[in-house]
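Visitor:
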Amino acid sequence: MTSGHIVMKSFVFLTPLVWLAGTVLAQTCYTPDGFAVTNPEVAPCKIDPVRTICCHSNRTLAAGSPHESGNVADECLPNGICQNRYTYQGKAEAKFWLEYCTNRDLESGRCMDVCRDARGEKGTSMITPCDGSANSTEWCCGDTVACCGGTSAISFPQRFVGMVNGTIAGSSPTPTPTTTPTPSSLRSPETGNSTSTPAGLPSGTSNPPSPSPPTPPQSPSLSTGAKAGIGIGAVLGALAILGIGFFASKVRRLKKEAQRSRAAEMSLTPSYADLYPDKYQHSGFPPSELPSHPPAELADTVRAAELGDHRESDTGVEGKMPELV
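And the structure:
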């Protein structure tokens, strides 16, 4: 396996993790004023077509649980409204809320841009169906049905389509009772949670909208989704570093194995020096050069002499060679 194949596999492995981290980071919920929601009970809806709507759906108590046990989780309705369904003394009750959005811009077409004047300090508002059911197509802002059939009623389809058709305004003010009312549903000022007061208890109309705009938090902190995204991003970054280190070490190991393999092949090649170690050492002694002397002429020790002419001696014998026949 080459280093190129290893790097390609590492990218294939890390790409889904990076995409998952980016998806988690994108699931932050915002108030209508564009501030991040820090309440861990708030989460984006998980059904189509309202995945950009946020409700208090991250509570421990499931929808339909007894109210006496605590705050019950919201349910995301297909029309973009958060339904808080619970039981009180065995009787089923339900309240409906306009809550948050995953887009900072309330006018983006992905949020429920209605009942702005009725939204409280935390950016939420009750909304009441004119026919008393979750499938109603006509609603009133607040805990009242006084606007039903009038010009201030809000109309929108049973499935969220990105835009709300109807009057985008609060309901007309209703007379305030002379006695101090007990709202049938409240928002906790500390957490912004929906806490429903059972219908069996004394109730009245909701408090009138405040004439002054809600004061945004001075220093909003990161939402739970953002914190979770940062944590997952850090983990994925660490995994990416570990993965790159692992593949780098694997590449180095493969290179070392290749070098050892080449060295082993070289060691199998025969050496003629090993086969003939005494090629130049037949005498058993290491080879050495003859002593170096300068060139010299041989000594001239022979003297020149003339041969005898073999002439006639005094005896008269002629000294000549016999003739050849």
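When the letters of the sequence shown are read in order and numbered with mature numbering (1 follows the signal peptide of the UniProt record, and there is no 0), they come out as residues -26 to -1, 1 to 299.
Ideal Cβ positions, reconstructed from N, Cα and C, are used throughout, including at glycine.
Buried or exposed for arginine 93, please, with buried defined as at least 16 other CB atoms from any protein chain shown within 10 angstroms of its CB.
Guide: By the 10 Å Cβ count, arginine 93 comes out buried.
Visitor: Cα separation between alanine 232 and arginine 226?
Guide: Those two C-alpha atoms are separated by around 10 Å.
Visitor: Am I right that valine 16 and cysteine 28 are in contact with their C-beta atoms under 8 Å? What's the rounded C-beta distance?
Guide: Indeed, because the Cβ distance is near 5 Å, the residues count as touching under 8 Å.
Visitor: Which of the three DSSP states is assigned to proline 183 in this structure?
Guide: With a pLDDT of 39 at proline 183, under the threshold of 50, the modelled position of this residue cannot be trusted; read the value that follows with caution. It is coil, neither helix nor strand.
Visitor: Pull up the distance between the alpha-carbon of proline 147 and that of alanine 66, whole angstroms please.
Guide: Caution is warranted here: a pLDDT of 39 is assigned to proline 147, below 50, making its placement in the model unreliable, and the coordinate value is therefore given only provisionally. If you take the alpha carbons of proline 147 and alanine 66, they lie about 28 Å apart.
Visitor: Look up glycine 27 in the DSSP assignment and give the residues it is bridged to.
Guide: Position check: residue 27 holds isoleucine in this sequence, whereas glycine was assumed. The partner list for isoleucine 27 (beta bridge, DSSP) reads Cys75.
Visitor: How is the beta strand (DSSP E) around isoleucine 101 delimited, first residue to last?
Guide: Isoleucine 101 -> beta strand (DSSP E) spans 99 to 103.
Visitor: Starting from the C-beta of asparagine 77, find all residues in its chain whose C-beta is less than 8 Å away, skip the five residues before and the five after it, and write them out in chain order.
Guide: Same-chain partners within the cutoff: Tyr4, Thr26, Arg84 and Cys85.
Visitor: Kindly indicate which residue of Asp22, Pro23 and Gly54 has the alpha-carbon position closest to the one of histidine 30.
Guide: Measuring from the Cα of histidine 30, the nearest candidate turns out to be Gly54.
Visitor: In its own chain, which residues sit with a C-beta less than 7 Å from the C-beta of serine 110, not counting the 5 before and 5 after it?
Guide: So the qualifying residues of the chain are Pro103 and Cys104.
Visitor: Throw me the rounded Cβ distance for the residue 338 and glutamate 49 pair, which I believe falls under 8 Å.
Guide: With the chain represented from -26 up to 299, any question about residue 338 goes unanswered, as that position is not in the structure.
Visitor: Just to confirm before moving on: does the CB-CB distance between alanine 10 and leucine 51 stay below 7 Å?
Guide: The answer is no: Cβ separation not under 7 Å.
Visitor: Can you give me the start and stop residues for the beta strand (DSSP E) that phenylalanine 59 sits inside?
Guide: A small fix is needed here, since residue 59 is arginine in this sequence, not phenylalanine. Run containing arginine 59: 56 to 62, per the beta strand (DSSP E) assignment.
Visitor: Pull up the distance between the alpha-carbon of tyrosine 74 and that of alanine 127, whole angstroms please.
Guide: Cα to Cα, the separation comes out at about 21 Å.
Visitor: Let's test the definition: count the other Cβ atoms within 10 Å of the Cβ of phenylalanine 88 and tell me whether it reaches 16, buried, or not, exposed.
Guide: Checking the displayed sequence, the identity of residue 88 turns out to be valine instead of phenylalanine. The residue is buried, with at least 16 neighbouring Cβ atoms inside 10 Å.
Visitor: Does the Cβ of proline 18 have 16 or more other Cβ atoms within 10 Å, making it buried, or fewer, making it exposed?
Guide: Buried: at least 16 other Cβ atoms inside 10 Å.
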